[in-house]
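Colleague: Handing you a structure now.
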Amino acid sequence: MGGHGYSGWWGNMGGPKHRGIVTYQLSPYEMKTNVHLISKGTHNFFRRTSSQLGYILPGIFLFWGVTYFGKKRHEWLNSKAGHDAQHGH
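First residue of the sequence shown: 0, per numbering that gives the first Met the number 0; consecutive thereafter.
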């Protein structure tokens, strides 16, 4: 870090000018963000969602199975039969 002192605010650091960097920008007034929202948006939503189901569904089913098993086990452990089996009466 060196002790050169204050070097300026962002964008005005006093260093060498960058050359060869081109940036493009589109005005927000020129963008048409919702042109095909209804006609193509629903189709793309279902197409993209269906392509990801193979990755999402196993986790959902695993979570559901663990939760279902845990709730049933908790209910059984708090029942009379569960108390008797756990404590050996």
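In this text, a Cβ means the ideal position worked out from N, Cα and C, and glycines have one as well.
Would you grab the beta carbon distance between W75 and G69 for me? Rounded to a whole angstrom, and I think it's under 8 Å.
Modeller: Wrong, their Cβ atoms sit about 11 Å apart, outside the cutoff.
Colleague: What does the alpha-carbon distance come out to for the pair T66 and L56?
Modeller: One C-alpha to the other measures close to 15 Å.
Colleague: Report the rounded CA-to-CA distance for F60 versus S38, giving the unit in angstroms.
Modeller: Cα to Cα, F60 sits roughly 32 Å from S38.
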